[in-house]
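Heads up: the structure comes next, in structure tokens.
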Amino acid sequence: MLVSSICAKELGQVKDNEGNVYQTVKIGQQEWLAQNLRSTKFQDGSKINTAFIPDDDKEKLLKYGRLYSWEDVADKRNICPIGWRVATDDDWKTLETTLGISQEDADKEGWRGDIAITLKASQSDTLLSKFEPSEVNRHKFSVKPAGIKWRDWYFVRGMYAEFWTGSEATKEKAYNRTFAHSWWNWHKSEIYRSNLSKEYMFSVRCVKIDR
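Every position in the sequence shown, counted from 1, becomes a number in my numbering once 5 is added.
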């Protein structure tokens, strides 16, 4: 496992225009939300079209946040708190290289790096893998497997954490990041970079805008 000397600074807080309060964390030169976005309004107060709660269970809202379509993610009205924006593909690459992934590997698609454990809220040992407890969530990023939603009928939670980036790949696809949580997946310590259909709904993390 890659072991980075970078340590997350103390958690701060930021509030969106609905009054939702988020923990934040600074890793390297970036400041990130340490929780998944759960806003239902853009910065101008207009309603976000998606913002699905996992399992339609409001008790899970704080833990997992909401899932959003890429169209809402890319909307210029901005779904993040004021002074923040949806993390782009390059923002994720910066996070990954800060924590020890080479630029060459960060630019690849597929499973790469060996830092996911340091960003996950929890990760128990499995029959296939054992993990150093002190490395789990070492950077206080607290990734949780909120799952995915596809169109109006398909939803699955618990196996993966899927994050949209604010970066378009093609007219039909956008870049994303995947963290594996299912017991059978061999890649729990890695982060998956790919581009997927904009029809999916994924979680969102915001990054503070440099001034």
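Ideal placement from N, C-alpha and C gives every residue a C-beta, glycine not left out.
Alpha carbon to alpha carbon, what distance is there between K46 and K52? 5 Å
Closest residue to L104 among K31, E204, S129, A79 (Cα-Cα distance): K31
Distance, Cα to Cα, K68 vs D61? 13 Å
S202 to T55, Cα distance in whole Å? 16 Å
Local conformation of S44 per DSSP, three classes: coil
Nearest CA to the CA of S187: which residue from Y205, A151, E177? A151
Range of the contiguous alpha helix (DSSP H) that encloses L100: 94 to 103
Under the DSSP definition of a beta bridge, which residues are partnered with T29? G17, L38
In this structure, what does DSSP give as the bridge partners for A166? G152, F184
Which whole-angstrom value is the C-beta distance of I84 and D77, which I expect to be below 8 Å? 6 Å
For a quick check, are the C-beta atoms of G88 and V19 less than 9 Å apart? yes
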